[in-house]
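Visitor:
Residue numbers (the numbering used here): 780 to 1124.
Right under this line is the structure:
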């Protein structure tokens, strides 16, 4: 991997981090989000059960996580985070009769909406980093993990993305284009993104306290999570200044039962990786997150720290993303960053 930004003689604090080691033959990963949007959890139950059944069909995802998010409009979003390491397998599942019948038959009226956001990501255009080796998230699909010293310095994420050695990943910087008629509501209809900007950046960043002792959980909740939430709120509420196009803070729940689990993650789309790097290295909300994490958890607990932090970052090729929405409010995902939405804001 490139190490263009690594200072000479740099040794990361706390020693190596860990990254996913993809098996031979895995050239790309499909990361698909399937969302059910409703005014309440109870209103979403039937639609959620249908998604659970579809994901369990032959050819379904190799890995499914699930999170619950209440968005800025007050809607509950039940979000399934799905991974395939077989691109053709994902396409076959999506085109299978049961999935096609479900998607094309979704009701555009009523209180429930659905959305799909899919990224096919070549492994040379993404990176992962874990505070400790653990089979969670995409790491469940790529074992064993491997250590890396490419962290704890500015722009280290770029050095963990192989194609950054010859590609600047410059953001196209244009809004999403859709098939929504001018002046029409996004509710009560299907809306498909017909053109997405090139080199969009996606991050999923997660916190898992399933094996952390009570004391470390309390420290995280009291001293680290408030800063993390402030950073999320800045990204969500300032798309123009931050370059963050869409952000969802998901509380982990069981993929099939919906019961609460000890963890959370943020999934965010950025105009480009440079916008993500600018926020990470220069904005006070991210400085606070890192500072609180080191002073409240890493320094006191060191090798005894059991809170797991990890993330994945992808830089998308323009033709490798798919966004579609059925009966969703206009603040949902890419709908908020279309040409019409940007002009209206």
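Cβ atoms here follow ideal geometry from the backbone N, Cα and C, with glycine treated the same way.
At which residues does the alpha helix (DSSP H) containing residue 941 begin and terminate?
Guide: Run containing residue 941: none; DSSP gives neither H nor E here.
Visitor: How do the region 890-897 and the region 1092-1105 stand: do at least 3 beta-carbon pairs fall below 8 Å, yes or no?
Guide: yes
Visitor: What does DSSP give as the partner residue(s) for residue 1002 in the beta ladder?
Guide: For residue 1002, which the question treats as bridged, DSSP gives no partner whatsoever.
Visitor: Look at residue 1003 and residue 1103 and say whether their C-beta atoms are less than 8 Å apart.
Guide: no
Visitor: Would residue 1135 and residue 1034 be called neighbours here (beta carbons separated by less than 8 Å)?
Guide: No information on residue 1135 is available, as it lies outside the stretch 780 to 1124 that the chain covers here.
Visitor: If distances are taken between C-alpha atoms only, which option among 1089, 1044, 964, 1115 comes closest to residue 912?
Guide: Among 1089, 1044, 964, 1115, the Cα nearest to that of residue 912 belongs to 1089.
Visitor: According to DSSP, residue 1035 sits in a beta bridge with which residue or residues?
Guide: Looking at the DSSP assignment, residue 1035 forms no beta bridge with any residue, so it has no partner.
Visitor: Rounded to the nearest angstrom, how far is the Cβ of residue 858 from that of residue 1029, given a contact under 8 Å?
Guide: 6 Å between Cβ atoms; contact.
Visitor: Helix, strand or coil, according to DSSP, for residue 905 in the structure here?
Guide: strand
Visitor: Let me confirm a value: residue 1081 is counted as buried when at least 16 other C-beta atoms fall within 10 Å, else exposed. Which label applies?
Guide: exposed
Visitor: Quick one: measure Cβ to Cβ for residue 1023 and residue 1047, integer angstroms, because I've assumed they're closer than 8 Å.
Guide: 6 Å
Visitor: What is the DSSP secondary structure of residue 783, counted as helix, strand or coil?
Guide: DSSP places residue 783 in coil when its eight states are reduced to three.
Visitor: Quick check: the region 1061-1075 against the region 923-932, are at least 3 beta-carbon pairs closer than 8 Å?
Guide: no
Visitor: According to DSSP, what are the bridge partners of residue 927?
Guide: 796
Visitor: Measuring alpha carbon to alpha carbon, tell me which residue in 1093, 994, 830 is nearest residue 735.
Guide: This structure leaves residue 735 out entirely; the chain is present only between 780 and 1124.
Visitor: Taking just the CA atoms, how far does residue 962 sit from residue 805?
Guide: Distance between the alpha carbons of residue 805 and residue 962 is about 44 Å.
Visitor: Assign residue 860 to one of three DSSP states: helix, strand, or coil.
Guide: strand
Visitor: Nearest by alpha-carbon distance to residue 836: which of 822, 852, 848, 873 is it?
Guide: 873
Visitor: Which word fits residue 797, buried or exposed, when buried means at least 16 other C-beta atoms lie within 10 angstroms of its C-beta?
Guide: Per the 10 Å Cβ criterion, buried.
Visitor: Would you call the CB atoms of residue 950 and residue 890 closer than 8 Å?
Guide: no
Visitor: Let me check understanding here. Comparing Cα to Cα, which of 875, 923, 826, 788 lies closest to residue 803?
Guide: 923
Visitor: Pick out whichever of 860, 878, 1069 has its Cα sitting closest to the Cα of residue 999.
Guide: Of 860, 878, 1069, the residue nearest in Cα terms is 1069.
Visitor: Tell me the DSSP secondary structure of residue 1066 in three-state form.
Guide: helix
Visitor: If you follow the beta strand (DSSP E) that residue 981 is part of, which residue opens it and which one closes it?
Guide: Looking at the DSSP string, the run of the beta strand (DSSP E) that includes residue 981 is 980-987.
Visitor: Quick check: what's the CA-CA separation for residue 1005 versus residue 871?
Guide: 42 Å
Visitor: Helix, strand or coil: how does DSSP classify residue 1012 here?
Guide: helix
Visitor: Can you list, in chain order, the residues of its chain whose CB lies under 7 Å from that of residue 829, leaving out five sequence neighbours each side?
Guide: 881
Visitor: Within this structure, are the beta carbons of residue 991 and residue 1085 separated by less than 8 Å?
Guide: Yes, the pair counts as a contact, with Cβ atoms nearer than the cut-off.
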